[in-house]
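If you want the numbering used here, it's the 1-based position in the sequence shown plus 3.
Just below is one structure, and these are the notes that go with it.
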Amino acid sequence: MSGKPSMLAPRNAYGPHGSCVLLKHGEIFLKGRNRHRFTERLHDNLRLALRGIGGSTWIKTAQNVTVLGGQVPQEALLERARRVIGFNSVEPAVRVPSDLDAITATAVDALDGTRHGISFAVRTKRRDKQFPLTSSQVDAHIGARVLARVPWLRVDLARPDVTLAVEIDRRETYLSWERLPGLSGLPVGCSGRALVLLSGGYDSPVAAHRAMRRGLVCDFVHFNGAPYTDPSSVYKAYALARELNRYQPPGSLHVIALGKAQKRLAVAGAGRLQVVAQRRLMVRTASALATRTGAEALVTGDSLGQVASQTLANLVAVDDAAALPVLRPLIGWEKQEIIDEARSIGTAEISVLPDEDCCRLLAPPRVSTRAELPQLRAVERRMDLAEVIEGLLGGAQVMRPGDDAALPDRTAQCSAPVPVLI
Ligand code: ATP
Ligand code: MG
Numbered sequence: 004m005s006g007k008p009s010m011l012a013p014r015n016a017y018g019p020h021g022s023c024v025l026l027k028h029g030e031i032f033l034k035g036r037n038r039h040r041f042t043e044r045l046h047d048n049l050r051l052a053l054r055g056i057g058g059s060t061w062i063k064t065a066q067n068v069t070v071l072g073g074q075v076p077q078e079a080l081l082e083r084a085r086r087v088i089g090f091n092s093v094e095p096a097v098r099v100p101s102d103l104d105a106i107t108a109t110a111v112d113a114l115d116g117t118r119h120g121i122s123f124a125v126r127t128k129r130r131d132k133q134f135p136l137t138s139s140q141v142d143a144h145i146g147a148r149v150l151a152r153v154p155w156l157r158v159d160l161a162r163p164d165v166t167l168a169v170e171i172d173r174r175e176t177y178l179s180w181e182r183l184p185g186l187s188g189l190p191v192g193c194s195g196r197a198l199v200l201l202s203g204g205y206d207s208p209v210a211a212h213r214a215m216r217r218g219l220v221c222d223f224v225h226f227n228g229a230p231y232t233d234p235s236s237v238y239k240a241y242a243l244a245r246e247l248n249r250y251q252p253p254g255s256l257h258v259i260a261l262g263k264a265q266k267r268l269a270v271a272g273a274g275r276l277q278v279v280a281q282r283r284l285m286v287r288t289a290s291a292l293a294t295r296t297g298a299e300a301l302v303t304g305d306s307l308g309q310v311a312s313q314t315l316a317n318l319v320a321v322d323d324a325a326a327l328p329v330l331r332p333l334i335g336w337e338k339q340e341i342i343d344e345a346r347s348i349g350t351a352e353i354s355v356l357p358d359e360d361c362c363r364l365l366a367p368p369r370v371s372t373r374a375e376l377p378q379l380r381a382v383e384r385r386m387d388l389a390e391v392i393e394g395l396l397g398g399a400q401v402m403r404p405g406d407d408a409a410l411p412d413r414t415a416q417c418s419a420p421v422p423v424l425i
């Protein structure tokens with residue numbers, strides 16, 4: 004996730020005041036009167052992401068921008084900030100006093116030493132309208148000084164190789180010439196809490212990440228086939244939840260052994276409905292669990308028609324068993340889009356690992372694509388669902404993957420100690 008190397012080799016990267024990071028706010032600038040609440044949440048999440056960074060840090064807000072600095076390397080600040088959902092862009096910057104000479108000297112120093120033939124443009128924004136020069140006057144002033152000192156550069160206002168952004172506040176001015184994309188979205192937590200049905204595949208972790216980007220804090224529930232499968236899927240779910248927790252205030256992972264209940268569904272005659280009946284049991288159990296975790300919705304990685312269990316009729320049959328709304332952020336996504344996104348958020352390399360997935364246990368050779376509710380209900384009536392669900396919840400194991408992720412540096416993905424489950 005580290006940024007691409009700068010095209011420039013600024014001689015004065017730390018400037019008289021030092022380096023900092025500019026974080027441009029995402030959608031919260033649309034939030035009108037509530038903006039204050041969203042910004043507070045964003046900053047709480049940023050502070051959490053900075054925990055354990057190894058030195059003191061500070062956060063300052065200007066209009067639609069957060070400035071981040073501290074007694075730690077700029078690279079470390081960038082790495083942490085780029086994981087915080089709610090910033091459109093993350094820019095390494097230098098801060099100087101809001102004084103034309105200081106600003107110009109830093110700008111000239113920054114562009115000195117760049118390669119021959121590079122084109123540049125200066126773009127000034129004044130948040131302090133008291134500053135004696137207008138934005139375009141500052142642009143022209145700095146541009147002329149840069150050319151005088153570094154005559155092999157060219158000005159290109161339309162398509163510059165390098166854009167030097169100058170943002171003037173009342174006391175301090177920030178100069179930046181590199182813009183890394185942020186994760187955008189809404190600050191995690193401002194939309195409430197959800198419970199994600201997390202399998203070991205590509206889809207559900209991406210769905211969780213999308214839910215977080217719409218402001219939901221996520222807890223996770225994973226069903227494994229114990230005692231009839233090995234714990235490999237639990238190891239994956241743990242590693243996935245830990246990776247996902249790097250983007251949010253850490254959520255908990257609940258692991259539930261579904262094997263015996265799956266067998267009861269088979270004995271009750273689920274047949275070709277086995278997979279959908281299992282999914283119904285999962286959402287029923289997750290709905291009950293949600294009352295304990297405080298979740299107001301469930302999240303799954305379903306994408307319409309991707310596999311036989313995800314036809315519209317089958318999704319409707321699953322919804323019928325859920326006591327909470329089931330959110331499906333990936334409903335219209337292509338598989339390749341999901342895999343690409345999984346790569347970019349760091350879950351793909353975990354999802355690709357082999358596991359013994361509980362859904363394959365007792366799966367019929369041909370899954371019904373048109374599950375009929377009366378048949379499903381008839382199967383379910385042959386067992387005591389309330390008792391089964393109580394048993395499943397009673398045996399649930401709770402973990403908080405990566406709570407040590409005050410240090411969210413990537414460690415070996417699946418080698419972290421996971422409690423022994425079976
Ligand atoms: P994924 O890649 O997320 O595993 P999938 O393409 O394999 O999805 P299904 O196996 O049909 O699709 O699962 C659909 C959704 O049901 C998953 O995205 C997940 O939200 C939920 N789900 C499936 N299996 C489990 C499980 N073992 N534990 C928790 N949730 C599950
Ligand atoms: Mg799956």
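The C-beta atom is built at its ideal place from N, Cα and C for all residues, glycine as well.
What residue ranges within the stretch 103-161 form continuous alpha helix (DSSP H) runs of no fewer than 4 residues, ordered along the chain?
103-114, 138-152
Counting only the same chain and skipping the five closest in sequence on each side, list residues whose C-beta sits under 6 Å from that of R98.
H20, C23, E175, Y177
Rounded C-beta distance between S207 and G304? I'm assuming under 8 Å.
3 Å
Determine whether the beta carbon atoms of G430 and T64 lie at a separation below 8 Å.
Outside the shown range of the chain, which is 4 to 425, sits residue 430, and nothing can be said about it.
Under 8 Å Cβ to Cβ from G335, same chain only, skipping five residues before and after it: list those, please.
S306, L307
Alpha carbon to alpha carbon, how far is L284 from L183?
43 Å
Could you check how far apart the C-beta atoms of D115 and V153 are, in whole angstroms? I think they sit under 8 Å.
5 Å
Q400, DSSP secondary structure in three states
strand
Exposure of N317, with buried meaning 16 or more beta-carbon neighbours within 10 Å
buried
Segment contact flag, the stretch 226-244 with the stretch 196-214, C-beta cutoff 8 Å, min 3 pairs
yes
DSSP three-state label for L88, please.
Per the sequence shown, residue 88 should be read as Ile rather than Leu. Coil.
What would DSSP say about D47, mapped onto helix, strand or coil?
helix
Is R275 near the ligand ATP, in the sense that its beta carbon is under 7 Å from a heavy atom of that ligand?
no
Three or more C-beta pairs below 8 Å linking the stretch 214-221 and the stretch 365-382:
no
For the stretch 271-302, list the beta strand (DSSP E) runs that are entirely contained and at least 3 residues long, ordered along the chain.
300-302
Using the Cβ count rule (16 or more neighbours within 10 Å means buried), how would you classify V209?
buried
Is D159 near the ligand ATP, with its Cβ less than 7 Å from a heavy atom?
no
Within the continuous alpha helix (DSSP H) that includes K338, where are the two ends?
338-348
Counterpart residues of L318 in DSSP-defined beta bridges
Its beta-bridge partners do not exist; DSSP assigns none.
Report the CB separation of C193 from F41 in whole angstroms; it is logged as a contact under 8 Å.
6 Å
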